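First residue of the sequence shown? That's 34 in our numbering, and the numbers climb one at a time after it. First comes the structure, then the notes that go with it.
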Amino acid sequence: MTGPRGRINGAAGGASGRFVVGRAILPGTRSARHRGLQDRDPRDREDTGRQVRIKSYLTSTTNNKMPEAFVSSTLAEARQMCDRGELPHKILTHLAEAAEQLAPERDAVASILVLDKDGLLRNGASPRLPYDYLTAIDGLKPNAQVGTCAAVAATGTMIITPDFHSDDKWAELRHLPLALGFVAAWSYPIKDSKGAVLGTFGTYFRNNREPLPGEIKGVEAFAGMAAEVLGR
Numbered sequence: 034m035t036g037p038r039g040r041i042n043g044a045a046g047g048a049s050g051r052f053v054v055g056r057a058i059l060p061g062t063r064s065a066r067h068r069g070l071q072d073r074d075p076r077d078r079e080d081t082g083r084q085v086r087i088k089s090y091l092t093s094t095t096n097n098k099m100p101e102a103f104v105s106s107t108l109a110e111a112r113q114m115c116d117r118g119e120l121p122h123k124i125l126t127h128l129a130e131a132a133e134q135l136a137p138e139r140d141a142v143a144s145i146l147v148l149d150k151d152g153l154l155r156n157g158a159s160p161r162l163p164y165d166y167l168t169a170i171d172g173l174k175p176n177a178q179v180g181t182c183a184a185v186a187a188t189g190t191m192i193i194t195p196d197f198h199s200d201d202k203w204a205e206l207r208h209l210p211l212a213l214g215f216v217a218a219w220s221y222p223i224k225d226s227k228g229a230v231l232g233t234f235g236t237y238f239r240n241n242r243e244p245l246p247g248e249i250k251g252v253e254a255f256a257g258m259a260a261e262v263l264g265r
């Protein structure tokens, strides 16, 4: 990572899978694929031990409480990964996977997007989103009237979309997540110490709902750690 808005070395796409988007050009995106995205299956990762530890916390999440020990452990491991000099993408993936475990209904899929030097949103870590979906949204411009993450990048505030169908900001984009079974989303800004937006920490839901208090507190903490990673 070079600079607070630098490019992610070793950035990669999400889970393997088919998602046909044809050649449709979305508002605020570049048609060219972002160099560095790779179609990877999360099952191929070598960090299976860490994933087992994450799963061990599954029963600790309740509707109104954040699993404090789990969040603390996640942050501690992220700092250790930083100390070992691991790639930003790998650390962000660790945070994204942990955020998914905060959802009591296990209906969440996380996606961290990072602003590049041109001010466009690029994939930072989306371990369970298919490559074709990530390609379709690659290069999205911050826009308060578009989607959820693009709106967060533009406003610097948390935005919740409990129903894609009823939110006009998703009018020209909703077909993309709906095709994957997602019906709602929310996103939290990743900011540096001066308040500048570095990226977004988004979560898609398979149920129409808002994030629970524990999910918000956990992602807020993870977003802070993500800012440290991006600022290295």
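Every residue, glycine too, gets a C-beta built ideally from N, C-alpha and C. Bear in mind that the values here come from a model prediction, so they are computed numbers and not experimental data.
#1: Measure the C-alpha to C-alpha separation of G257 and G118 and round it to an integer number of angstroms.
#2: Indicate whether at least one CB of chain B lies closer than 8 Å to the CB of N156.
#3: Relative to the alpha-carbon of F197, which residue among H208, P160, T190 has its alpha-carbon at the smallest distance?
#4: Are there three or more Cβ pairs, one per stretch, closer than 8 Å when the region 122 to 134 is compared with the region 205 to 220?
#5: If we count Cβ pairs, one from each stretch, closer than 8 Å, do we get three or more for the region 228 to 238 versus the region 137 to 155?
#6: Would you call the region 172 to 184 and the region 244 to 257 in contact, with 3 or more CB pairs under 8 Å?
#7: For a quick check, are the C-beta atoms of E138 and N240 less than 8 Å apart?
#8: Taking the straight line between their C-alpha atoms, what separation do you get for D116 and A109?
#9: With a threshold of 16 other CB atoms inside 10 Å of the CB of S159, please say whether the residue is buried or exposed.
#10: Put L128 into one of helix, strand or coil per three-state DSSP.
#11: By how many angstroms is the C-alpha of A102 removed from the C-alpha of R155?
#12: Have a look at P195, T194, D140, E205 and flag the residue whose alpha-carbon is nearest the alpha-carbon of I170.
#13: According to DSSP, is S144 part of a helix, a strand, or is it coil?
#14: Of the choices Y237, P210, K123, whose alpha-carbon is the least far from that of D165?
#15: Per DSSP, which one or two residues make a beta bridge with S105?
#16: Just to confirm, is the Cβ distance from P195 to E248 under 8 Å?
#17: In the region 155 to 181, which residue ranges form an unbroken alpha helix (DSSP H) of at least 4 residues, counting only runs that do not cross its ends?
#18: Suppose the cutoff is 8 Å on Cβ atoms and the five residues either side in sequence are ignored; what does the same chain contact list for M191 look like?
#19: Grab the span of the beta strand (DSSP E) containing K224 for me, first residue to last.
#20: To the nearest angstrom, report how far apart S105 and E261 are at their CA atoms.
#21: Which residue marks the beginning of the beta strand (DSSP E) containing L231, and which one marks its end?
Checking against the coordinates, here is how it stands:
#1: Indexing the sequence shown from 1 puts residue 257 at position 224. Indexing the sequence shown from 1 puts residue 118 at position 85. Rounded to whole angstroms, G257 and G118 show a C-alpha spacing of 18 Å.
#2: Going by chain labels, chain B is absent from the structure shown, which holds only one protein chain.
#3: For the purposes of this step, residue 197 is taken as residue 164 along the sequence shown, with counting starting at 1. Shortest Cα-Cα distance from F197 to any of H208, P160, T190 involves H208.
#4: A contact is defined here as three or more CB-CB pairs under 8 Å, and the region 122 to 134 fails this definition with respect to the region 205 to 220.
#5: Contact between the region 228 to 238 and the region 137 to 155 is present, with at least three C-beta pairs closer than 8 Å.
#6: The region 172 to 184 is not in contact with the region 244 to 257.
#7: Residue numbering aside, residue 138 sits at position 105 when the sequence shown is read from its first letter. Residue numbering aside, residue 240 sits at position 207 when the sequence shown is read from its first letter. Yes, they are a contact pair.
#8: On the sequence shown, position 83 is the one that residue 116 refers to. On the sequence shown, position 76 is the one that residue 109 refers to. Rounded to the nearest angstrom, the two C-alpha atoms are 11 Å apart.
#9: Taking the first residue of the sequence shown as 1, we reach residue 159 at position 126. Burial call: buried.
#10: Looking up residue 128 in the sequence shown gives position 95. L128 falls in the helix class under three-state DSSP.
#11: Position 122 of the sequence shown, counting from 1, holds the residue named residue 155. Position 69 of the sequence shown, counting from 1, holds the residue named residue 102. Distance between the alpha carbons of R155 and A102: 31 Å.
#12: Position 137 of the sequence shown, counted from the first residue, corresponds to residue 170. Residue E205 is the option with its Cα nearest to I170.
#13: Here residue 144 refers to the residue found at position 111 when the sequence shown is read from its first residue. Annotated three-state conformation of S144 is strand, per DSSP.
#14: As a working mapping, residue 165 is identified with position 132 in the sequence shown. Checked all of Y237, P210, K123; the closest Cα to D165 is P210.
#15: Taking the first residue of the sequence shown as position 1, residue 105 is located at position 72. S105 pairs with nothing; no bridge assigned.
#16: The sequence position of residue 195 within the sequence shown is 162, counting from 1. The sequence position of residue 248 within the sequence shown is 215, counting from 1. With respect to E248, P195 sits apart: the two C-beta atoms are not nearer than 8 Å.
#17: Fully enclosed alpha helix (DSSP H) runs of 4 or longer: 164 to 170.
#18: Here the question's residue 191 lines up with position 158 in the sequence shown. Taken in chain order, the residues that qualify are V185, W219, S220, Y221, P222, I249.
#19: As a working mapping, residue 224 is identified with position 191 in the sequence shown. First-last of the beta strand (DSSP E) with K224: 217 to 224.
#20: Numbered from 1 along the sequence shown, position 72 holds the residue referred to as residue 105. Numbered from 1 along the sequence shown, position 228 holds the residue referred to as residue 261. Taking the Cα positions, S105 is about 16 Å away from E261.
#21: Within the sequence shown, residue 231 is the residue found at index 198, counting from 1. Annotation for L231: the continuous beta strand (DSSP E) segment containing it runs 230 to 238.
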